[in-house]
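Here is the structure we will look at.
There are 2 protein chains.
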Amino acid sequence: MSEALRGNLGVGANMTTISVDAMGGDHGPEAVVGGCAISARRNPDIAFLLHGDQSVLTPLVARESVLSGRVHVVHSPGVVSMDDKPAQIMRRGRDTSMWSAISALRDGQAQAAVSCGNTGALMAVSMLRLRKLPGVHRPAIACLWPSRGAHGYNTMLDVGADVRADEESLLHYALMGSAYFRNAFDVACPRVGLLNVGTEDHKGRAEIKEAARLIADAAEVGRYTFVGFVEGNDIPSAHVDVIVTDGFTGNVALKTGEGTAKLMGDVLRAELEHSIFSKLGALFALRPLQRMKKRLDPRLANGGVFLGLNGTVVKSHGSADATGVSSAIKLAFTLAQSGFQDRMAERISAVSDALQERVLKAAADPATAPLATPDRPSDGTEQA
Amino acid sequence: MSEALRGNLGVGANMTTISVDAMGGDHGPEAVVGGCAISARRNPDIAFLLHGDQSVLTPLVARESVLSGRVHVVHSPGVVSMDDKPAQIMRRGRDTSMWSAISALRDGQAQAAVSCGNTGALMAVSMLRLRKLPGVHRPAIACLWPSRGAHGYNTMLDVGADVRADEESLLHYALMGSAYFRNAFDVACPRVGLLNVGTEDHKGRAEIKEAARLIADAAEVGRYTFVGFVEGNDIPSAHVDVIVTDGFTGNVALKTGEGTAKLMGDVLRAELEHSIFSKLGALFALRPLQRMKKRLDPRLANGGVFLGLNGTVVKSHGSADATGVSSAIKLAFTLAQSGFQDRMAERISAVSDALQERVLKAAADPATAPLATPDRPSDGTEQA
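Protein chains in written order, with the numbering used here: chain P, 1495 to 1878; chain H, 1495 to 1878.
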């Protein structure tokens, strides 16, 4: 943040500023400003740049006394809608709150950015404005998943930045995901698993078998433990922290988990409302049910993190309420404070160099491990 | 079934015989014979060929009086274990109960087959012994998924026969899945959706966009309605009956759904056992909880159906108990009675001919829709 702006916000040098896109969520700027207020009450070291229509935002901010002197509204009249295509926004989105929020991060006025808006557009604007970390081919989106583990959450990536991933991208996801988990949950050596249709070595697609070799080889540099292949039912397992997969599979798995949880919740609610006895039961079971809901509450795990960019961007769910927005802000704050971006970039660069060296070595001496020619079966038929 | 065998079983001409692999499940032949007994009590028109070790099976069958005269034990000493690789069984599995069960189906001694054994081996043996339906490139495994729809279940395929599927395979899955759903639930015109990472036309991988065009075009021949792209959270939706996807994504989604349901069930149980009050609540809530469990009980939706083969094979879950086995047998019986295989083969052949014609037309007149050159972006980067 510039000195002038810091003076303007009236905050000290040890404050962390989050750049927040206040528009574009399903519940509008009220939920976003409400989320900022919750975070501000809990955390005295946080300040905000709030991007959006000044005439809408200023009165909302004025209602929350805790935000007084800790929010600077940056006027940006345009709004990215959920239907806007990424390419449209990249060409004509300079006046939008999303563009403004990411630009402030790029210009060093904030240490992390949060948006509830259109995921595709946010990734496109973030790539354009922040650029990829050196060595990263494709950024990824990492989500948090309620788990049986000690930290209550596992992380999975990619959940939708890119519909394809080759073996090297999957390796980068392992490095980025473990860096993220290490810093979000203060775990020295996260356990990484690669999502597959079975845990035996012969299962899955060729690029996944090759990725397993690369991820195992890079475990020391990446400071993670590789637990091998994991399956869909292992995503909430206590035996893994970071689940690596391509963005197509990850996105389907994430939404399948959400859909299953919603179906179970709805069926349970319908059954509990079924009769007087059930209602009485529901009354007694209310607190356990609420505790369950809280433990699995998607609002508390709100925040898909964009990894592999020069800057920390947290994508909050479009339907997030103030509590959800506040969770996303907390995550952005934690990551901004950890400064993990630089160390992650170093590791990716080290692994990329080592890979490059192996390829050159293999070219000079064909007896070396054939990195360039993974064992794809010729007829395309592979048993799951 | 041969006349001699029918006489042997003492059953009438209107009986349907199911060929059952009695070995290889987690709960052993007791659960399988128990499942046969449940089915026999409920359905007077069912008889069984039971394949496995005669010295084990004969006493188990003798304990169930309802099976008297309705079961013929076929001695086959070998057992396929869960660790056996498909290729091993194809080479050296002729003495196994699985091989024997599929062979009896091939030889017309039964109208459908059921096995709790190793999925990969069962698919390999089924492909080898039954062969693919004319026109089908790759068989698929279809599962049932608890849903909000009128029938209580949707179906999804492929959930693990093959880790890849091109656009033509996805089209075949639409034809096979709708034929299956039509006959399993007596629905004239099932609604087919194609699993993707978003519902907008520009989302997803190139082969999925091309598959969407092919599936839309074949709706009339296939007697289904195409509802377009669906997402992971739509799998249990009331707006779709058949969800089409490749075997990698389908397998991950299926196991993710199972894992999420198990996590929620476990957390709910733990919370209900938390205190005296919670336990009291649990007591009152017992019946609604049991009703929920029953409605979502995976045992009642037990049975992955192999589609695209010359014969109906139902893969029961390895961990199925007698109730689960009985559900798989019921499904096999329903499909065997419907005789849907022949009509499905006709439709696939008609659609394959039409596709072939379009390719030839396009080659003669390049102005026609470029079926042979789907719009794959050149740099491999596609936005989810």
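Glycine included, C-beta positions come from ideal geometry on N, C-alpha and C. Given the structure is predicted, the values throughout are model-derived calculations rather than measurements.
At a cut-off of 8 angstroms between beta-carbon atoms, residue 1814 of chain H makes no contact with chain P. As the crow flies, the alpha-carbon of residue 1678 of chain H is around 14 angstroms from that of residue 1643 of chain H.
Rounded to whole angstroms, the separation of the alpha carbons of residue 1716 of chain P and residue 1802 of chain P is 15 angstroms. Taken in chain order, the whole beta strand (DSSP E) runs of length 3 or more contained in the stretch 1566 to 1651 of chain P are 1606 to 1609, 1634 to 1640 and 1647 to 1651. In this structure, the straight-line span from the alpha carbon of residue 1846 of chain H to that of residue 1814 of chain H is close to 37 angstroms.
Around the Cβ of residue 1543 of chain P, a 10 Å sphere holds 16 or more other Cβ atoms; the residue is buried.
The residue from P:1516, P:1604, P:1520 and P:1723 with its alpha-carbon nearest to that of residue 1510 of chain P is P:1604.
Contact note: residue 1725 of chain H reaches chain P through 1745, 1746, 1749, 1750 and 1753, using a C-beta cutoff of 9 angstroms and chain order. Assignment of residue 1695 of chain H by DSSP, reduced to helix, strand and coil, places it in the coil class.
Under DSSP, no beta-bridge partner is assigned to residue 1666 of chain P. Using a Cβ-Cβ cut-off of 8 angstroms, residue 1645 of chain P does not count as an interface residue toward chain H, since no Cβ of chain H sits closer than that to its own.
Rounded to whole angstroms, the separation of the alpha carbons of residue 1671 of chain P and residue 1638 of chain P is 11 angstroms. In the three-state reduction of the DSSP assignment, residue 1653 of chain H falls in the coil class, being assigned neither a helical nor a strand state.
The C-beta separation of residue 1823 of chain P from residue 1529 of chain P comes to about 6 angstroms, placing the pair in contact by the 8 angstroms criterion. For the stretch 1530 to 1559 of chain H, no residue has a beta-carbon sitting nearer than 7 angstroms to a beta-carbon of chain P.
Under the Cβ distance rule, residue 1765 of chain H counts among the residues neighbouring chain P, one pair being separated by less than 8 angstroms.
By DSSP's assignment, residue 1750 of chain H forms no beta bridge with any residue. In this structure residue 1636 of chain P touches residue 1799 of chain P by the C-beta definition: roughly 5 angstroms separates them, less than 8 angstroms. A contact is defined here as three or more CB-CB pairs under 8 angstroms, and the stretch 1825 to 1837 of chain P fails this definition with respect to the stretch 1659 to 1668 of chain P. With the rule of 3 Cβ pairs closer than 8 angstroms, the stretch 1749 to 1764 of chain H does not count as touching the stretch 1700 to 1710 of chain H.
Under the Cβ distance rule, residue 1825 of chain P does not count among the residues neighbouring chain H, no pair being separated by less than 8 angstroms.
Bounds of the alpha helix (DSSP H) holding residue 1847 of chain H are 1834 to 1858. The closest CA to that of residue 1721 of chain H, considering only H:1668, H:1696, H:1680 and H:1654, is found on H:1668.
Judged by their CB atoms, residue 1652 of chain P and residue 1684 of chain P are not nearer to each other than the 8 angstroms cut-off.
Look at residue 1797 of chain P: its C-beta is not under 8 angstroms from any C-beta on chain H. Within the stretch 1654 to 1681 of chain P, those residues whose Cβ lies closer than 7 angstroms to any Cβ of chain H are, in chain order, 1654, 1655, 1656, 1657 and 1658. Note: residue 1712 of chain H is not bridge-paired with any residue in the DSSP secondary-structure output. With its beta carbon at least 8 angstroms from every one in chain H, residue 1800 of chain P lies outside the interface. For the stretch 1825 to 1851 of chain H, there are no residues whose beta carbon sits under 7 angstroms from a beta carbon of chain P.
Against residue 1730 of chain H, the close residues of chain P are 1753, 1754 and 1757, in the order they occur along the chain (beta-carbon pairs closer than 8 angstroms). Under the Cβ distance rule, residue 1689 of chain H counts among the residues neighbouring chain P, one pair being separated by less than 8 angstroms. Straight through space, the alpha carbons of residue 1817 of chain P and residue 1615 of chain H are spaced by roughly 50 angstroms. Within 8 angstroms of the CB of residue 1579 of chain P, the CB atoms of chain H belong to 1696, in sequence order along the chain. Following the DSSP letters along the chain, one finds residue 1512 of chain H inside the beta strand (DSSP E) bounded by residues 1510 to 1515. Burial of residue 1633 of chain P is indicated by the presence of at least 16 other C-beta atoms within 10 angstroms of its C-beta.
Here residue 1835 of chain H is buried: its Cβ has 16 or more other Cβ atoms, across all protein chains shown, within 10 Å.
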